[in-house]
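Colleague: Just passing along the structure, written as structure tokens.
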Amino acid sequence: MPLPKVDAVVIGAGAAGPIVAKELAFAGWRVVLLEKGRWHTSADCRKDDLRNQRNPTLGYPFGPEEEGNPRVFVDLNGRERIVKPSEPGYNNNAFCVGGGTLSYGAMAWRFHPNDFRMRSTYAAKVPRAFENSTLEDWPISYEDLEPFYEKAEWEIGVSGDLSGDPFKGPRRRALPMPPLPPTREHEILEKGARRLGLHPFSIPMLRNSVPYNGRPACMRCRWCVGFACEVDAKNGTQNTVIPAALATGNLELRTECSVREILLDEKGDAAGVAYFDREGRPWEQPARYVVVSCGAIESARLLLNSRSRLYPQGLGNRFDWVGRNLQGHTYTGANGLFEEIVYDDLGPGASIAICDFNHGNPGLAGGAMLANEFIRLPYQFVSGIRAPGVPRWGRAHKEFVRRAYRRIIPVLGPTQEIPVFDSRVTLDPRVRDRFGIPVARISGYRHPHSIEVSEYMAERAADWLRASGAVKVWLRRAGRGVSGGQHQAGTCRMGRDPKTSVVDPWCRVHDTANVYVVDASVHVTNGGFNPVLTIMAIAYRTGAHLARAGRRA
Amino acid sequence: MKAAAAALVLGLALLLMIPAASFLYEAGGPDACARCHEMGAPVGEWRHSTHRGTPCSACHGDALTAGARFHLANARRVVQHWRGEAGELAPLGPEGIRAMLPRCQKCHQQEFASWSSGPHSITYRSIFLDEKHNSTRHLMDDCLRCHGMHFDGGIRDLVEPLSIKGPWRLRRPELLEEPAIPCLACHSIHRRGALHEERRLEAKIAGPRQEKFRPSLVFFDRRSMAPVDVALLPLPAMIDGARPVKTSPDPRQALCYQCHAPLSTRQVFSGDDRTPAGVHEGISCLACHDKHRQTTRASCANCHPRLSNCGLDVEKMDTTFLNKDSRHNIHTVKCADCHPRGVPARRARP
Amino acid sequence: MPGRAPILYDSVKPIKGGGCLKRRSFLAGSLAAASACRSKPAPAAGYRFLTQAEVATLGAWVDTLIPPDEDPGARGAGVVRYIDLQLTRWFRRHQSSYREALARIDRWARSRAGRGFAELPPDTREELLSLMEQGEADRDHFPDGGKGAFELVLAHAMQGFYGNPRHGGNRGYASWKMIGVPPVPVRGREHYEAARTFPEKS
Chain B
217 MPLPKVDAVV IGAGAAGPIV AKELAFAGWR VVLLEKGRWH TSADCRKDDL
267 RNQRNPTLGY PFGPEEEGNP RVFVDLNGRE RIVKPSEPGY NNNAFCVGGG
317 TLSYGAMAWR FHPNDFRMRS TYAAKVPRAF ENSTLEDWPI SYEDLEPFYE
367 KAEWEIGVSG DLSGDPFKGP RRRALPMPPL PPTREHEILE KGARRLGLHP
417 FSIPMLRNSV PYNGRPACMR CRWCVGFACE VDAKNGTQNT VIPAALATGN
467 LELRTECSVR EILLDEKGDA AGVAYFDREG RPWEQPARYV VVSCGAIESA
517 RLLLNSRSRL YPQGLGNRFD WVGRNLQGHT YTGANGLFEE IVYDDLGPGA
567 SIAICDFNHG NPGLAGGAML ANEFIRLPYQ FVSGIRAPGV PRWGRAHKEF
617 VRRAYRRIIP VLGPTQEIPV FDSRVTLDPR VRDRFGIPVA RISGYRHPHS
667 IEVSEYMAER AADWLRASGA VKVWLRRAGR GVSGGQHQAG TCRMGRDPKT
717 SVVDPWCRVH DTANVYVVDA SVHVTNGGFN PVLTIMAIAY RTGAHLARAG
767 RRA
Chain F
38 MKAAAAALVL GLALLLMIPA ASFLYEAGGP DACARCHEMG APVGEWRHST
88 HRGTPCSACH GDALTAGARF HLANARRVVQ HWRGEAGELA PLGPEGIRAM
138 LPRCQKCHQQ EFASWSSGPH SITYRSIFLD EKHNSTRHLM DDCLRCHGMH
188 FDGGIRDLVE PLSIKGPWRL RRPELLEEPA IPCLACHSIH RRGALHEERR
238 LEAKIAGPRQ EKFRPSLVFF DRRSMAPVDV ALLPLPAMID GARPVKTSPD
288 PRQALCYQCH APLSTRQVFS GDDRTPAGVH EGISCLACHD KHRQTTRASC
338 ANCHPRLSNC GLDVEKMDTT FLNKDSRHNI HTVKCADCHP RGVPARRARP
Chain Z
6 MPGRAPILYD SVKPIKGGGC LKRRSFLAGS LAAASACRSK PAPAAGYRFL
56 TQAEVATLGA WVDTLIPPDE DPGARGAGVV RYIDLQLTRW FRRHQSSYRE
106 ALARIDRWAR SRAGRGFAEL PPDTREELLS LMEQGEADRD HFPDGGKGAF
156 ELVLAHAMQG FYGNPRHGGN RGYASWKMIG VPPVPVRGRE HYEAARTFPE
206 KS
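Chains as they are written, first to last, in the numbering used here: chain B, 217 to 769; chain F, 38 to 387; chain Z, 6 to 207.
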């Protein structure tokens, strides 16, 4: 059933889509924002170890629903299985208004300038990172994104103190809010880092440390990452750009709408989208522009599902690049056991970081930021942390938990992954979701060099913990399977050459005049940092570009 | 015509079936209730509770309860039960909470009257439609932690618009005059303890020890939808600058601290904290504040005629009671506030 | 692969042994209950799925994994109740695994030590579970050496003991008490004036 035509339809109300929608709505465009999930409150996610966005033992509170949204996962041995959202291999991010930003940890990193030119930086120095990989430079630079990083920091709201980070890219303006006061872990790790000659500083976070944007400061509860903020101090799109855009009267947000495909006209440009509402009724929303912001897995799936006479292999997929280069981060690090109690119950937990090892590591391409972890709830602790030699159960295990729970600091970092052409999202030929739409099929592996770098990073985390006084330190290593998860990226690569990329430097799908992909799908590489601020900056950049250059009625 | 009559009869029969089923269910007493696994734990607790002399129906209602909501809720539970969808806990929703109030009142007349005349009987209207508050501060889910803790939704389901512009209205107007901090915010009826009837004991044991033999104090923590025993709630180690502040060990205060809470820095008087840190340091909240009314006026006289050396009429002192901005805030007032040139030596008692 | 019929999501993984609980409606359910459930063993009083004997065996099993000491063990903290509840909800697909595993470990205990698993002294129970952990249980009783059943119960026991009490385990916040962190913190909020609005106004 066709609806009145609008200037733009944005698909996905996660980190990126609402920013584009807001930029366009503020420019006077009439915009429809479609979201597959619901608009949640924290009442939908009780403070529960077993049911939150980080631990789905009993399901995901912020979507997707366990039934009706399967994916297919192919493991390293080529065995395929149908996976539900809470099962390993699904590589979930949230499906809801705000997307991951409703319940994330909220680290607000800018990528390092070298993260945008991995080929130029490492082609000569580390040739093995380029064997069987698609490691490449971005077509845009840190300098191109800098003003939009700044805009994201001020508009969404970032606290922190970067003055102690000598490795950061040039910036014109400081962060709008100071960091939260340090935790006990912060103080312990700061001394250790200084002892090693490293450069520790307060992590930039999309979290109010003082009242900002009309909302209060963080009250420092322990239920942060994986949960929605009860005091609205965690800044996501759901409490910033979405209400602001709705207030203009130019944006209509429709929740529980699942887009089936992008509709094309006879010239091969988008005419609108076809979607199902919560009752499963089909609708067509005509639009002058279509912006796809569903996350790396679902954006690729939507393009692949948008087949037509002109694009029988899916929109933007003439050269078989849609869905390729799926990457996330290879998280490794170490746990340190201390004599004294290090736990002080001050949220969010993560507080201190170093960027000494993001680049310039001997013989390695890239690296990672290292930081202490968010607060561990008891079941998270038990399922993730155990000292070597401690049995998995029985008296000794219980004694370990009792004694060690408040004495362990984990330090972890997201190693920048070397993209692989065969790590990919395709459509499963048989399995369909509750609306009968073919589902994403995830397959591939991690590049061996990603593992190599991540091992090096684990050793650096261990050094840091030892220097901070840990009496026992053990490593946390990574598996070799394909990665995606909450940091999923890369499946609609940005580039100048339509033969080796999916979108142009303004995020427009090469083949079309009016389809844009705006989310981490366009990342050529994913940095050694949490990617959300980069996703937001790209969204601001594309939103501003569209509002300026686009044609509307 | 015939079909309509048949449908009518069938409809009536179905309608009657719900209370009839309730009746059948209740006829067996608490054991019958406990046959359903959802009820096993609460009935087990109730058996050892202060309220074990009170039958289930006195608080939870029975087949004769007027009100379609009650019976519909029961019918819904039965369906959930059969589908295997009922949770381990069967917590009371806002309707159940509302229905509890007169039932609590039936036995606890004095406490109910005190609560009704005190600030904790504040309504949803006064809390959530306060113009001064709403035009200067952001309404958020955390508001519901201490007011409206039993509300089964988020703040967006309760108030609109969520902006500082207003005008505001409740999306659930039936809650307007309902109390936002009902009995069950602070009390759990099923906690293990001595029978309520044993007044003999109660008269002998007062203060914090009462909670030990007749415990009921809990904080209903909406973040996990469960009442948390006061014994599990922390008493924060407060500080004044760098100085540790002496606090009373009265465990009942842990309940007060859940809402009248300091910031995470634990500084006295930060956030909503009211920890006494002056001359009254170390005194329990409940030494002065009446449990249900929260009034304090009469309590000064409990101590002062006997202990004070100043000869002041405590009833007429310029404290926070008479003047909100008093320099002699009862929680912070220090000896030096009245004796700037040094505190005179204590006179020996005759 | 082409040529095969598309698979719709709900026909992919039939839930084994969950027939009694997969009711589409109340009426259909109560009719089905009368017939289909008759063949199923009766749950213990106050339980949804586990029989009296299974409750005893599983209690001994989880209490060996998380034994009582100065703090409650898994059984005392309600872990059996957590598993029983989830077996009728989130873990329906594990119903038959539990039914089998509990019968097998009991038979194995009887053939090895002459007594049911629940009646064995803690040391012997530990011994048996260690063998299962290594996949070295008697193959006559556990075709996979017991590894699968061991891992399943271990994961669920840890969840029940360390997870939130609202799911039936961790009674009285036993594990929070044990680790020395109050289950509910004291947290106030700063008062402030919401004078500022969203930075960019059109």
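We treat Cβ as the ideally placed atom computed from N, Cα and C, and that holds for glycine.
Model, not experiment: these values are computed from the prediction.
1) Could you say which of Ala-763/B, Arg-764/B, Ala-765/B, Leu-749/B lies nearest to Lys-367/B if we only look at CA atoms?
2) From Arg-436/B to Asn-271/B, what distance separates their C-alpha atoms?
3) Under a CB-based cut-off of 8 Å, is Gly-275/B close to chain Z?
4) Taking 8 Å as the CB-CB cut-off, is Asp-310/F touching chain B?
5) Would you mind working out which of Val-457/B, Glu-675/B, Val-606/B sits nearest Tyr-547/B, comparing C-alpha positions?
6) Let me know the beta strand (DSSP E) ranges lying completely inside the stretch 590 to 616 of chain B, each 3 residues or longer, listed in chain order.
7) Between which two residues does the alpha helix (DSSP H) holding Phe-155/Z run?
8) What's the C-alpha gap between Phe-31/Z and Glu-283/B?
9) Tell me whether the beta-carbon of Gln-290/F lies closer than 8 Å to the beta-carbon of Ser-253/F.
10) Going along the chain, which residues of its own chain have a beta-carbon closer than 6 Å to the beta-carbon of Arg-757/B, five neighbours each way excluded?
11) What are the residues that DSSP puts in a beta bridge with Gly-549/B?
12) Whose C-alpha, out of Ala-603/B, Lys-483/B, Gln-704/B, Glu-500/B, is nearest the C-alpha of Ala-490/B?
13) Alpha carbon to alpha carbon, how far is Lys-384/B from Asp-561/B? Give it in angstroms, no decimals.
14) Roughly how many angstroms lie between the CA atoms of His-99/Z and Ser-116/Z, to the nearest whole one?
15) Using DSSP with H/G/I as helix, E/B as strand and the rest coil, what is Lys-221/B?
16) In chain F, what lies closer than 9 Å to Pro-77/Z by C-beta?
17) Using a Cβ cut-off of 8 Å (strictly closer), state whether Asn-169/Z contacts chain A.
18) Can you list, in chain order, the residues of its chain with a C-beta nearer than 7 Å to that of Trp-370/B? Leave out the 5 residues immediately preceding and following it.
19) Does any residue of chain F bring its CB to less than 8 Å from the CB of Lys-238/B?
20) Alpha carbon to alpha carbon, what distance is there between Pro-355/B and Ser-349/B?
21) State buried or exposed for Asn-339/F, treating a residue as buried only when at least 16 other CB atoms are found within 10 Å of its CB.
22) Can you tell me whether Leu-254/F is helix, strand or coil according to DSSP?
23) Note down, in chain order, all residues in the stretch 257 to 285 of chain F with a beta-carbon under 7 Å from any beta-carbon belonging to chain Z.
24) Can you tell me whether Leu-36/Z is buried or exposed, with buried defined as 16 or more other CB within 10 angstroms of its CB?
25) Output, in sequence order along the chain, the residues in the stretch 252 to 263 of chain B whose CB is closer than 9 Å to any CB in chain F.
26) In chain order, which beta strand (DSSP E) runs of at least 3 residues are fully inside the stretch 254 to 280 of chain F?
27) Given that a residue counts as buried once 16 or more other Cβ atoms are within 10 Å of its Cβ, and exposed if not, what is Thr-707/B?
28) Could you tell me which uninterrupted beta strand (DSSP E) segments, each at least 3 residues in length, are contained entirely in the stretch 360 to 389 of chain B, listed from first to last along the chain?
29) Mind pulling the chain F residues with CB within less than 8 Å of Gly-452/B?
30) Which first and last residues belong to the beta strand (DSSP E) in which Met-585/B is found?
31) Lys-206/Z by DSSP, collapsed to three states: which one?
32) Looking at chain F, is there any beta carbon in it that lies within less than 8 Å of the beta carbon of Val-447/B?
33) Please go through the same chain and pick out, in chain order, the residues whose beta-carbon is closer than 8 Å to the beta-carbon of Val-288/B, but skip the five residues on each side of it.
34) Between the beta-carbon of Ser-717/B and the beta-carbon of Arg-709/B, is there less than 8 Å?
35) Spatial neighbours of Gly-162/B within its chain, please: CB distance less than 6 Å, with the 5 preceding and 5 following residues excluded, ordered by chain position.
36) By alpha-carbon positions, which one of Leu-90/Z, Phe-54/Z, Ile-110/Z, Phe-96/Z ends up nearest to Asp-149/Z?
Modeller: Answer, in terms of the structure:
1) Measuring from the Cα of Lys-367/B, the nearest candidate turns out to be Leu-749/B.
2) Asn-271/B has its alpha-carbon roughly 20 Å from the corresponding atom of Arg-436/B.
3) yes
4) no
5) Glu-675/B
6) none
7) 152 to 167
8) Model confidence at Phe-31/Z stands at a pLDDT of 39, short of 50, so the residue's coordinates are unreliable; what they give is reported in the following sentence. About 21 Å.
9) no
10) Once the five neighbours on either side are set aside, the close Cβ partners of Arg-757/B are Phe-364.
11) Leu-628/B, Arg-692/B
12) It is Glu-500/B whose Cα lies nearest to the Cα of Ala-490/B.
13) 30 Å
14) Rounded to the nearest angstrom, the two C-alpha atoms are 26 Å apart.
15) coil
16) Within chain F, no residue has its CB atom less than 9 Å from the CB of Pro-77/Z, the nearest being about 14 Å off.
17) Of the protein chains in this structure, namely B, F and Z, none is chain A.
18) Leaving aside the five residues that flank Trp-370/B on each side, the residues in its chain whose CB is nearer than 7 Å to its CB run, in chain order, Pro-392.
19) no
20) Their Cα atoms are separated by approximately 18 Å.
21) exposed
22) The three-state secondary structure of Leu-254/F, taken from DSSP, is strand.
23) Asp-258, Ser-261, Met-262, Ala-263, Val-265, Leu-269, Leu-270, Pro-271, Pro-273
24) Model confidence at Leu-36/Z stands at a pLDDT of 41, short of 50, so the residue's coordinates are unreliable; what they give is reported in the following sentence. Classification for Leu-36/Z: exposed.
25) Trp-255, His-256, Thr-257, Ser-258, Ala-259, Asp-260, Arg-262, Lys-263
26) 255 to 258, 263 to 266
27) So Thr-707/B ends up on the buried side.
28) 375 to 377
29) Correct list: empty, because the minimum Cβ distance to chain F is about 14 Å.
30) Where Met-585/B is concerned, there is no enclosing beta strand (DSSP E), given that its DSSP letter is neither H nor E.
31) Note that Lys-206/Z scores 39 on pLDDT, short of 50, meaning its location in the model is unreliable; the coordinates nonetheless yield the value given after this. Coil, per DSSP.
32) yes
33) Glu-296, Arg-297, Ile-298, Val-299, Asp-644, Val-647, Val-655, Ala-656, Arg-657, Ile-658
34) Closer than 8 Å, so yes.
35) This structure cannot settle anything about residue 162/B, because the visible part of chain B is limited to 217 through 769.
36) Ile-110/Z
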